[in-house]
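Okay, structure first, notes after.
Number of protein chains: 2
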Amino acid sequence: MSPLPSGLLGDLDPTSDRAVFRQIADQLREAIDRGRFREGEKLPSEADLVDHFGVSRMTVRNAFSILQGEGLVHAEHGRGVFVRPRPPVRRLASDRFARRHREQGKSAFIVEADAAGSHPQVDSLEVKEEKASQDVSVRLGSVRRVLARRRRYLLDGRPVEFATSYLPLDIARGTPIAEPNPGPGGIYARLEELGHRLDHFEEEIRARMPSPAEVKTLRLAAGVPVIHLIRTAFDTEGRAVEVCDTVMAADAYVLSYQLPAT
Amino acid sequence: MSPLPSGLLGDLDPTSDRAVFRQIADQLREAIDRGRFREGEKLPSEADLVDHFGVSRMTVRNAFSILQGEGLVHAEHGRGVFVRPRPPVRRLASDRFARRHREQGKSAFIVEADAAGSHPQVDSLEVKEEKASQDVSVRLGSVRRVLARRRRYLLDGRPVEFATSYLPLDIARGTPIAEPNPGPGGIYARLEELGHRLDHFEEEIRARMPSPAEVKTLRLAAGVPVIHLIRTAFDTEGRAVEVCDTVMAADAYVLSYQLPAT
DNA sequence: CTCCTTTAGGTATCTAGACGAGTGGGCGAG
DNA sequence: CTCGCCCACTCGTCTAGATACCTAAAGGAG
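The listed protein sequences correspond, in order, to chains L and A. Take the position in the first sequence, starting the count at 1, then add 145; the result is the number in this note's numbering. Take the position in the second sequence, starting the count at 1, then add 145; the result is the number in this note's numbering.
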């Protein structure tokens, strides 16, 4: 219950139009931006701020909830409110599906994470046949039923990505693609062995706030959006042979693309 | 003050561990997902829900604030809480900087928006020389000072994107690039006329919650993330000739990329 | 020394009410 | 009929608690 170090935070401006809880949020945000509070460091407790600013507790909580929505801080029940550390990001380069990266025994995710010194895991693998959603059906060219391969990726124990691949049954059924482990080089290598030489990929990227289910699956903190990536793989005959729907924790990724200036 | 139509929303489960305000949020979310409330439609007022569920007003507001954070609804002072309509999105294709799109008199943004039947505007144009930030300096290859071109893009009056281009002074100073209007084909056309034939672009994509300044500039609703795109243009000699830093309202964009399978 | 209990200090949830301020419809004055 | 005012409804902000539950460290029992 010791008072706040003076100078750490200023006073309220009672003449301001800005709501008190916003002013408090502003001060905390600025203090964080200036490095007065470092990553992972504990902010003053609600009670401290109630004393310091002379406001009621709900007002302080309101201020914290703004900062949580911005993804700046996170609260831990019984411990305090902390500056949210920025996790290490995974860079996805646009050549990550190039054939030369496909000749190894392990999946691209594992290889890359190992190289970066992280501990990778693949999780909740599920492979089954199912009815194609409207969207997937359109992308694959009016396919009714598909093989769906679901998996979740973790880095150092933290879930970072959740993906489902959809393949037309006439391509995938009865092949290694329908096995939980499709073997070295992943399903793209298998597709090429089956005569579907890959020509190009198309990726669609959106960003939005996660659904409650996504929050759970990716163990997302408040104020962390997701990147929603839908990739379609085309073979040299122009046929769509796979659609991969991926939801990524936005704070764990940077996507990188190279575009020709043609 | 008429009671809610019965059946629209259910009851609370007092035996559940789930907090009351979460249960209320769950019910509203589900009702929205099921289409019981359509886009733009008004949800029951706080007072209605207080009566229906027999809880205090703060509890209802807490529920609404969850849905706001998810970007599902937005509140209008004095009017009510509404299901947030999904705005039309702008598709950015990876060939949008191809030379063939550059031969016209107007900027790519204007041309494309006109074609889509929207009313485009470019705004708050500012062109000035300034000190390069650490990041920009690194990307441009240890450049100290740069020409910065700032602008904001609006569609049908709504700000959707805010961008700054940085160019090395030795390239841009005294050229049409330093003019507010660089002329047909934009600065990429001018760069090529100046002998910097463009070879490729590199784009880095992140998603995060907006800063308060970004909320203001893009007039973002609660629960709308931003897409942060940093593009670097390289000429045929491998020199970085431009860095463009763009912040987009995530609900207004889909990015689309084509990748070779090489 | 180890393990359990206590306790202080945190956040989480909820209540009940007060006042402020934006919106829009109804109604009365002209 | 029109304009302007008023009022009901709505969300925004703030207060002042009460209770629950979590965490970590201190202290006591064994």
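Every residue, glycine too, gets a C-beta built ideally from N, C-alpha and C. This one's a predicted model, so the numbers in the text were calculated from it and none came from an experiment.
Ile-372(L) and Ala-395(L) closer than 7 Å at C-beta: Locating residue 372(L) in the first sequence gives position 227, counting from the first residue. Locating residue 395(L) in the first sequence gives position 250, counting from the first residue. Yes; because the gap between Cβ atoms is below 7 Å, this pair is in contact.
Rounded separation between Lys-361(L) and Ile-211(A) - CA only: As a first step, residue 361(L) must be located in the first sequence, where it is residue number 216. As a first step, residue 211(A) must be located in the second sequence, where it is residue number 66. Spanning the alpha carbons of Lys-361(L) and Ile-211(A) requires a straight line of approximately 15 Å.
Any chain A beta carbon closer than 7 Å to Ile-372(L): Numbered from its first residue, the first sequence carries residue 372(L) at position 227. Closer than 7 Å: yes.
Helix, strand or coil at Met-146(L) according to DSSP, with G and I counted as helix: What you label residue 146(L) is simply residue 1 of the first sequence in a count that begins at 1. Low confidence applies here, because Met-146(L) scores a pLDDT of 44, under 50, leaving its location unreliable; read the following figure in that light. If DSSP states are grouped into helix, strand and coil, Met-146(L) belongs with coil.
Contacts of Tyr-298(A) in chain L (Cβ-Cβ under 7 Å): Position 153 of the second sequence, counted from the start, is the residue given in the question as residue 298(A). The premise fails here: Tyr-298(A) is roughly 17 Å from chain L at the closest Cβ pair, so nothing lies under 7 Å.
Own chain, CB closer than 6 Å to Met-146(L), minus 5 neighbours either side, in chain order: If you number the first sequence from 1, residue 146(L) lands on position 1. Note that Met-146(L) scores a pLDDT of 44, beneath 50, so its modelled location is shaky and nothing firm can be said.
Which residues DSSP lists as bridging Gly-225(A), in chain order: The residue given as residue 225(A) occupies position 80 in the second sequence. Glu-221(A).
Pairwise C-alpha distance: Phe-242(A) and Ala-334(A): Position 189 of the second sequence, counted from the first residue, corresponds to residue 334(A). Position 97 of the second sequence, counted from the first residue, corresponds to residue 242(A). Straight-line Cα distance between these residues: approximately 10 Å.
Rounded distance between the beta-carbons of Lys-187(A) and Gly-155(A), thought under 8 Å: The residue you call residue 155(A) lines up with position 10 of the second sequence. The residue you call residue 187(A) lines up with position 42 of the second sequence. Actually they are not in contact, since the Cβ atoms of Gly-155(A) and Lys-187(A) sit about 20 Å apart, beyond 8 Å.
Proximal residues to Arg-247(L) (C-beta, below 8 Å), its chain only, five neighbours per side dropped: Here residue 247(L) refers to the residue found at position 102 when the first sequence is read from its first residue. Around Arg-247(L): Ala-253, Gly-330, Gly-331, Tyr-333 and Ala-334.
Arg-351(L), buried or exposed, once every other Cβ within 10 Å from all chains shown has been counted against 16: In the first sequence, the residue the question calls residue 351(L) occupies position 206. Classification for Arg-351(L): buried.
Chain-ordered neighbours of Ser-252(L) on chain A, where CB pairs are closer than 8 Å: Indexing the first sequence from 1 puts residue 252(L) at position 107. Under the 8 Å cutoff, chain A gives no residues; its nearest Cβ is about 17 Å from Ser-252(L).
Cα-Cα separation, Leu-336(A) to Ile-322(A): On the second sequence, residue 336(A) is found 191 positions in, with the first residue counted as 1. On the second sequence, residue 322(A) is found 177 positions in, with the first residue counted as 1. C-alpha separation (whole angstroms): 8 Å.
Alpha-carbon to alpha-carbon, Cys-389(A) and Tyr-402(L): As a working mapping, residue 402(L) is identified with position 257 in the first sequence. As a working mapping, residue 389(A) is identified with position 244 in the second sequence. Whole-angstrom Cα-Cα distance: 14 Å.
Proximal residues to Arg-290(A) (C-beta, below 8 Å), its chain only, five neighbours per side dropped: Residue mapping note: residue 290(A) aligns to position 145 of the second sequence, counting from 1. Only Glu-274, Glu-275, Lys-276, Ala-277 and Leu-314 meet the Cβ criterion.
Simplified DSSP state of His-373(A), which is helix, strand or coil: Your numbering for residue 373(A) matches position 228 in the second sequence. Looking at His-373(A) - three-state DSSP - the assignment turns out to be strand.
Element boundaries [beta strand (DSSP E), containing His-345(L)]: One-based indexing of the first sequence puts residue 345(L) at position 200. Element bounds for His-345(L): 343-353.
Beta strand (DSSP E) segment containing Ala-385(L), residue limits: Translated into positions along the first sequence, residue 385(L) becomes position 240. Counting along the chain, the beta strand (DSSP E) containing Ala-385(L) begins and ends at 385-394.
Any chain L beta carbon closer than 7 Å to Ile-332(A): Counted from its first residue, the second sequence places residue 332(A) at position 187. Closer than 7 Å: no.
Contact list for Thr-204(A) against chain L, beta-carbon separation under 7 Å: The sequence position of residue 204(A) within the second sequence is 59, counting from 1. Within 7 Å Cβ-Cβ: nothing; Thr-204(A) doesn't reach chain L, min ~12 Å.
Proximity test, Ala-406(L) beta-carbon vs the ligand SAH heavy atom, cut-off 6 Å: Absent from the structure shown: the ligand SAH. Ligands present: none.
Ala-397(L) vs Pro-232(L) beta-carbon contact at 7 Å: Here residue 397(L) is taken as the residue at index 252 of the first sequence, counted from 1. Here residue 232(L) is taken as the residue at index 87 of the first sequence, counted from 1. Contact: yes.
Cross-chain neighbours of Asp-344(L) in chain A, by beta carbon under 9 Å: Against the first sequence, residue 344(L) aligns to sequence position 199. Chain-order list of chain A residues neighbouring Asp-344(L): Pro-405 and Ala-406, by C-beta distance under 9 Å.
Members of the region 186-204 of chain L that neighbour chain A once the beta carbon cut-off is set at 7 Å: From the region 186-204 of chain L, no residue has a Cβ closer than 7 Å to chain A.
CB contact below 7 Å: Ser-278(L) versus chain A: Residue 278(L) sits at position 133 when you count from the first residue of the first sequence. Answer no: the Cβ-Cβ gap between Ser-278(L) and chain A never drops below 7 Å.
Selected residue, minimal CA-CA separation from Ile-316(A), among Asn-326(A), Gly-328(A) and Leu-292(A): Here residue 316(A) refers to the residue found at position 171 when the second sequence is read from its first residue. The shortest Cα separation from Ile-316(A) among Asn-326(A), Gly-328(A) and Leu-292(A) belongs to Leu-292(A).
Among Leu-237(L), Leu-217(L) and Val-195(L), nearest to Gly-180(L) - alpha-carbon criterion: Taking the first sequence and counting its residues from 1, the one referred to as residue 180(L) is at position 35. Measuring from the Cα of Gly-180(L), the nearest candidate turns out to be Leu-217(L).
Lys-361(L) - containing beta strand (DSSP E), residue span: Locating residue 361(L) in the first sequence gives position 216, where the first residue counts as 1. Segment 357-362 is the alpha helix (DSSP H) holding Lys-361(L); no beta strand (DSSP E) there.
Alpha carbon of Ala-406(A) to alpha carbon of Leu-339(L), nearest angstrom: Within the second sequence, residue 406(A) is the residue found at index 261, counting from 1. Within the first sequence, residue 339(L) is the residue found at index 194, counting from 1. Going from the Cα of Ala-406(A) to the Cα of Leu-339(L) covers about 16 Å.
Neighbourhood of Asp-380(L) by C-beta distance below 8 Å, restricted to the same chain and skipping five residues each side: Here residue 380(L) refers to the residue found at position 235 of the first sequence. Excluding positions up to five away in sequence, the list reads Leu-336, His-341, Arg-342, Leu-343, Asp-344 and Val-386.
Residue burial classification, Gly-214(L) (beta-carbon count within 10 angstroms, cutoff 16): One-based indexing of the first sequence puts residue 214(L) at position 69. Residue environment: Gly-214(L) is assigned as buried (16 or more neighbouring CB atoms within 10 Å of its CB, all protein chains considered).
Exposure label - Met-203(L); buried when at least 16 CB within 10 Å: Numbered from 1 along the first sequence, position 58 holds the residue referred to as residue 203(L). Looking at its Cβ environment, which holds fewer than 16 other Cβ atoms inside 10 Å, Met-203(L) is exposed.
Limits of the unbroken beta strand (DSSP E) element including Phe-209(A): Indexing the second sequence from 1 puts residue 209(A) at position 64. It is not in any beta strand (DSSP E) - Phe-209(A) instead sits in the alpha helix (DSSP H) that spans 202-214.
Among Phe-182(A), Val-205(A) and Gly-185(A), nearest to Glu-191(A) - alpha-carbon criterion: As a position in the second sequence, residue 191(A) is number 46, starting the count at 1. Ranking Phe-182(A), Val-205(A) and Gly-185(A) by Cα distance to Glu-191(A) puts Val-205(A) first.
Interface residues of chain A facing Ser-161(L) [CB-CB closer than 8 Å]: Residue 161(L) sits at position 16 when you count from the first residue of the first sequence. Within 8 Å Cβ-Cβ: nothing; Ser-161(L) doesn't reach chain A, min ~15 Å.
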